[in-house]
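Residues are numbered in our numbering as their position in the sequence shown, beginning at 1, plus a constant of 6. Don't be surprised by glycine CBs; every beta carbon is placed ideally from N, CA and C.
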Amino acid sequence: MKNNKTQSRMPMLPFLAATMLLLLLGRAARAAEDGWTSLGAEDDFGVWLQPTGEWYVAGDAIVDPSDNRRLAGKPGAGVMINGEIGKTPSLVTKRPFDDVEVHLEFMVAKGSN
């Protein structure tokens, strides 16, 4: 015999998942409406001062199979990679920012700083 509490919670799971999704989508929409500027890797480097050197957008960063002291990019978008040899200049935004909300992940090739 099944527990009545378990049965009553099961229909709630899809509702809770849908609610969370709507909350997250609403937050992203509000950020755009509130004048947030995305500095992410889904753009064309338009928010950065030019030149951006050899920075490029990739789907993922991996250790270069031919040289473990370098990184390589997989096709796609979402990750910014510091050129093929990793020595291109730092990125600088076109305008200053007072408050930032940052989510940052980084990968450093063997022998780097």
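Straight-line Cα distance separating residue j from residue i
| i | j | result |
| --- | --- | --- |
| residue 81 | residue 64 | 5 Å |
| residue 73 | residue 94 | 18 Å |
| residue 62 | residue 83 | 9 Å |
| residue 57 | residue 92 | 16 Å |
| residue 68 | residue 117 | 15 Å |
| residue 105 | residue 85 | 23 Å |
Which of helix, strand or coil DSSP assigns to residue i
| i | result |
| --- | --- |
| residue 91 | coil |
| residue 70 | coil |
| residue 81 | strand |
| residue 63 | strand |
Exposure of residue i, with buried meaning 16 or more beta-carbon neighbours within 10 Å
| i | result |
| --- | --- |
| residue 87 | buried |
| residue 77 | buried |
| residue 108 | exposed |
Host beta strand (DSSP E) of residue i (start-end)
| i | result |
| --- | --- |
| residue 105 | Neither: residue 105 is in no beta strand (DSSP E) and is coded neither H nor E. |
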